[in-house]
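Protein chains in written order, with the numbering used here: chain Y, 4 to 458; chain U, 4 to 458.
From the three backbone atoms N, C-alpha and C, an ideal C-beta is built for every residue, glycine too.
Given the structure is predicted, the values throughout are model-derived calculations rather than measurements.
Working notes, structure below.
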């Protein structure tokens, strides 16, 4: 019935059922909805209906719903449920989502919840929470199904049926030995087309690709992407199977890492989105700005060192913003190429060297092009002063080469020393290139001061 | 045996088998490898072994391998295979990958391949190639399994067994009616735990989430991400099922879109990676640089308009790079927040208005902080000139507010008019903010020229 209704029509119907306390009619709707759709409904409901809506849901449905909401709304729901019902819901949540949720709460509150939860679950949650959030351990869930190599397909299928309630999003069956070490993997498809008395060992794939529990989340996501996996198993040093990470987590990692790259490239500060308060956003943005302010003053003091040159040839100032700006622009371009290249390529010494050489060539090509162009413009604009054109053109040539190399070498050096190269940020490269470009420009101008003034 | 070998050890073994023409030994290795690993092997092999390696593979294995390689290597393999064997391999490739591959070839060459392919496949490929690559139609494959609602689980399983060779990466079974319209979906897990004579209609999920064949790839990827899908069905205007898009394609879209955002934000030009030739990279980067060069000259002509003011108070120049730089930096920060926010949020008029107000407040807070700071510095540095400190501080306050707003409003306006806001790019915002900041700074300085000079 609801198959063709729009979101708004659904919302109206849900509100009607809530007002009339028609629990079973509401349940019929919810049966046909994905957790994401239920979450959209919940967000669309007026606040006053939230409580009743929650009370109409089963713990399973609440667990699904809560995983789709942001932290504030999650906490709100836990509050509405109370400790007792909350812990029942928590038992049903994906363990990785639950660990994330608990990480937002105070230590006392966490303990309160853990005390009421099933002992097995609470132990598992605590071990999950001990892994850093941005590693394989922080992403993994224990909601997977394992089996031994000597069991049959029928036994595997029976086990799957038993665990069906949480194997909904799981598409592989992992094979472990007596020491819980990962020895193989079988897909649901393989089970489906196999004969019921075949032995798992004969079906399974031996060379299992896994990630280590301490691996960085970016490596995990890359593994899933390369192999087009739906899930990847997580093991410890002894190859013991600890959990699995599913492809939806990999997608979240890719989005998060891209956002972080852009945050850093623009020095825009951590975690600012459309809903961040103005004061919070300002506080997060200020550290970089204040640092850049001081670096910017270095440019000023360089200029003041060349005061004499400037007083004699005021026209030099007119080209200053252009030269400084262009050096910053080419540096930003190179930086972006390096930062994104690192996402998909392993950079060894040889690759780095080749890249620097390439960028040197790029710098020379754009330097010559822009240098010749600006020489002509300067010559025509400033009363056909040949020397001014020459000084501005040569300066731009040199600064573009230096700027291109700085935008390449600085992030590569950071990467070499284990620092995320995106912290080199567009604004930082731009500000540094300001300094380089002014020194080069005024240096060259001072060297030719005699010729510049004599005209 | 090979389960614990490193990539290098494997490579040595493969070369040995190739030299000794041990086809079956090589096949035993390949059986245990993922297509990604086989591709890594192929890339690692010396050129001279490529041909023999290919001849040792089955068409199925070549189809898997070819999908993991870049276009140059794909074409190389097709060349080695010849038309006849190539078309056999093409019949076995995922249709979306094949359409991408053919798009790289000349029209004549495409026709040559299509002529030798199975008629059914060649027709399907041609229809796929008619969809733009960045839409749902360009991403979808026809390798899915469908069934009618009145069939039983046993019939479904039989059909799956029959199509097992291409249902390897597919985890849902789609239910269609007589008009091929999509009416439901069943997961493999549901089939596995269901009874063999249950009817599909009773198991299936009615409210199927699908995407339209003309939808933008970004919308498709968002749908898969929101619902944590492994695959999403593609339909036409009449809800006829045309194909499916799998989660690995969604991941590729997210990576591509993030790279494009960064390319545009840094004005670094399309498709430059570590392997792009220097001349190509330079040609792709130059258009933006030349444009920015001319805009940079506008800054110069603004300064030349204030030549008189500058000649009287040379110290004003010392603060110029800092003020222009800071305005650019805050603009870049705001821009990044807008560009990334748009990826996950729908921006309506109300959201835009709220965001602009927020950024105004941010601008005021950082403007006051940095303005007071620079006033003190200017006062202490420039012989305790109170008016200079005042002029520099007030200018920075005003330019930071304007710069923040420019970095917010310009991308929002572009978005409003259907242009990708990332084209506003860091360098462009920075260069525009240079111009704003110089006009404000020298404007204020000129207004207080009398006081500045009298000290």
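- For chain U, is any of its Cβ atoms less than 8 angstroms away from the one on residue 93(Y)? Within the first chain, residue 93(Y) is the residue found at index 90, counting from 1. Answer no: the Cβ-Cβ gap between residue 93(Y) and chain U never drops below 8 angstroms.
- Message: At a CB distance below 7 angstroms, what residues from the stretch 36–61 of chain U approach chain Y? Give them in sequence order.
- Response: 36, 37 and 39
- Task: May I ask you to report which of helix, strand or coil DSSP gives residue 187(U)?
- Result: As a position in the second chain, residue 187(U) is number 184, starting the count at 1. Correct three-state label for residue 187(U): strand.
- Message: Within 8 angstroms of any Cβ in chain B, is that where the Cβ of residue 204(Y) sits?
- Response: No chain B appears in the structure shown, which is made up of the protein chains Y and U.
- Task: Could you pull out every residue in the same chain whose Cβ sits closer than 6 angstroms to the Cβ of residue 67(U), ignoring the five residues on either side in sequence?
- Result: The residue you call residue 67(U) lines up with position 64 of the second chain. If we look at residue 67(U) and ignore the five residues flanking it on each side, its Cβ neighbours are 38.
- Item | Neighbouring residues, chain Y, relative to residue 282(U) (Cβ below 9 angstroms) | By one-based count along the second chain, residue 282(U) stands at place 279. By Cβ distance, chain Y contributes 364, 365 and 368.
- What residues in its chain sit with their C-beta under 8 angstroms from that of residue 419(U), if we drop five residues either side in the sequence? In the second chain, residue 419(U) corresponds to position 416, counting from 1. The answer, listed in chain order, is 355.
- Of all the residues that make up the stretch 314–326 of chain Y, which are near chain U by a beta-carbon distance shorter than 7 angstroms? 314, 317, 320, 321, 322, 324 and 325
- Please decide whether residue 31(U) counts as near chain Y, where near means a Cβ-Cβ distance under 8 angstroms. Working through the second chain from its first residue, we reach residue 31(U) at position 28. Chain Y contact via Cβ: absent.
- Please classify residue 174(Y): does DSSP put it in a helix, a strand, or coil? In the first chain, counting from the first residue as 1, residue 174(Y) sits at position 171. Assignment of residue 174(Y) by DSSP, reduced to helix, strand and coil, places it in the coil class.
- Query: Leaving out the 5 sequence neighbours to the left and right, which residues in its chain are closer than 8 angstroms to residue 388(U) when beta-carbon positions are compared?
  - Reply: The residue you call residue 388(U) lines up with position 385 of the second chain. Closer than 8 angstroms at the Cβ level, and outside the excluded window around residue 388(U), lie 318, 381, 382, 455 and 458.
- Same chain, Cβ closer than 7 angstroms to residue 56(Y), five either side skipped, listed in chain order: Here the question's residue 56(Y) lines up with position 53 in the first chain. Counting only Cβ-Cβ distances below 7 angstroms, and skipping sequence neighbours, we find 21, 45 and 48.
- Message: For a quick check, are the C-beta atoms of residue 117(Y) and residue 129(Y) less than 8 angstroms apart?
- Response: Here residue 117(Y) refers to the residue found at position 114 when the first chain is read from its first residue. Here residue 129(Y) refers to the residue found at position 126 when the first chain is read from its first residue. Contact: yes.
- Members of the stretch 402–429 of chain Y that neighbour chain U once the beta carbon cut-off is set at 7 angstroms: 429
- Message: Which residue marks the beginning of the alpha helix (DSSP H) containing residue 360(Y), and which one marks its end?
- Response: For the purposes of this step, residue 360(Y) is taken as the residue at position 357 of the first chain. Residue 360(Y) -> alpha helix (DSSP H) spans 352–384.
- Chain-ordered chain U contacts of residue 264(Y) [CB-CB under 8 angstroms]: For the purposes of this step, residue 264(Y) is taken as residue 261 along the first chain, with counting starting at 1. Those are 261 and 265, listed as they occur along chain U.
- Put residue 244(U) into one of helix, strand or coil per three-state DSSP. Working through the second chain from its first residue, we reach residue 244(U) at position 241. It is a strand residue.
- Query: How close, in whole Å, do the beta carbons of residue 444(Y) and residue 378(Y) come, if the pair is a contact with beta carbons under 8 angstroms?
  - Reply: One-based indexing of the first chain puts residue 444(Y) at position 441. One-based indexing of the first chain puts residue 378(Y) at position 375. 14 angstroms between Cβ atoms; not a contact.
- Query: The alpha helix (DSSP H) with residue 234(Y) in it runs from where to where?
  - Reply: For the purposes of this step, residue 234(Y) is taken as residue 231 along the first chain, with counting starting at 1. Note, residue 234(Y): premise wrong, no alpha helix (DSSP H); beta strand (DSSP E) at 234–238.
- Query: Are there 16 or more other CB atoms within 10 angstroms of the CB of residue 28(U), so buried, or fewer, so exposed?
  - Reply: Working through the second chain from its first residue, we reach residue 28(U) at position 25. By the neighbour-count rule (16 or more Cβ atoms within 10 Å), residue 28(U) is not buried but exposed.
- Item | Reduced DSSP secondary structure (H/G/I, E/B, other) of residue 147(U) | On the second chain, position 144 is the one that residue 147(U) refers to. Coil at residue 147(U), not helix or strand.
- Query: Within the chosen definition, does the stretch 208–223 of chain U reach the stretch 173–187 of chain U through at least 3 CB pairs nearer than 8 angstroms?
  - Reply: yes
- Task: Apply the 10 Å Cβ neighbour rule to residue 264(Y) and answer buried if 16 or more other Cβ atoms are within range, or exposed otherwise.
- Result: Counted from its first residue, the first chain places residue 264(Y) at position 261. So residue 264(Y) ends up on the buried side.
- Limits of the alpha helix (DSSP H) - the one that residue 116(Y) falls within: Within the first chain, numbered from 1, the residue matching residue 116(Y) stands at position 113. It spans 110–119 - the alpha helix (DSSP H) in which residue 116(Y) sits, taken as one unbroken run.
- Message: For a quick check, are the C-beta atoms of residue 285(U) and residue 359(Y) less than 8 angstroms apart?
- Response: The residue you call residue 285(U) lines up with position 282 of the second chain. The residue you call residue 359(Y) lines up with position 356 of the first chain. No, the Cβ-Cβ distance between residue 285(U) and residue 359(Y) is not below 8 angstroms.
- Message: Can you tell me where the alpha helix (DSSP H) holding residue 136(U) begins and where it ends?
- Response: As a working mapping, residue 136(U) is identified with position 133 in the second chain. Residue 136(U) -> no alpha helix (DSSP H), and no H or E assigned at all.
- Can you tell me which of the three DSSP states residue 215(Y) falls into? Within the first chain, the letter at position 212 stands for residue 215(Y). Residue state, collapsed to three classes: strand.
- Item | First through last residue of the alpha helix (DSSP H) which encompasses residue 298(U) | Locating residue 298(U) in the second chain gives position 295, counting from the first residue. Run containing residue 298(U): 281–308, per the alpha helix (DSSP H) assignment.
- Query: For residue 179(Y), which of helix, strand or coil comes out of DSSP?
  - Reply: One-based indexing of the first chain puts residue 179(Y) at position 176. Residue 179(Y) falls in the strand class under three-state DSSP.
- Measuring CA to CA, which of 222(U), 147(U) and 334(U) is closest to residue 190(U)? Residue mapping note: residue 190(U) aligns to position 187 of the second chain, counting from 1. The candidate whose alpha carbon is nearest that of residue 190(U) is 147(U).
- Would you call the stretch 68–86 of chain Y and the stretch 250–269 of chain U touching, i.e. three or more CB-CB distances under 8 angstroms? no
- Query: Can you tell me whether residue 241(Y) is buried or exposed, with buried defined as 16 or more other CB within 10 angstroms of its CB?
  - Reply: As a working mapping, residue 241(Y) is identified with position 238 in the first chain. Under this definition residue 241(Y) is an exposed residue.
- Message: Output needed for residue 256(Y): all residues of its chain with C-beta closer than 6 angstroms, excluding positions within five of it in sequence on either side, in chain order.
- Response: Position 253 of the first chain, counted from the start, is the residue given in the question as residue 256(Y). Result list for residue 256(Y): 220 and 224, in chain order.
- Item | C-alpha distance - residue 114(Y) paired with residue 144(Y), whole-angstrom precision | The residue labelled residue 114(Y) in the question sits at position 111 within the first chain. The residue labelled residue 144(Y) in the question sits at position 141 within the first chain. Rounded to the nearest angstrom, the two C-alpha atoms are 20 angstroms apart.
- Which stretch, first to last residue, makes up the alpha helix (DSSP H) that contains residue 46(U)? For this step, residue 46(U) is matched to residue 43 along the second chain. Looking at the DSSP string, the run of the alpha helix (DSSP H) that includes residue 46(U) is 38–47.
- Query: List, in order along the chain, the chain Y residues whose C-beta lies closer than 9 angstroms to that of residue 112(U)?
  - Reply: On the second chain, position 109 is the one that residue 112(U) refers to. Under the 9 angstroms cutoff, chain Y gives no residues; its nearest Cβ is about 28 angstroms from residue 112(U).
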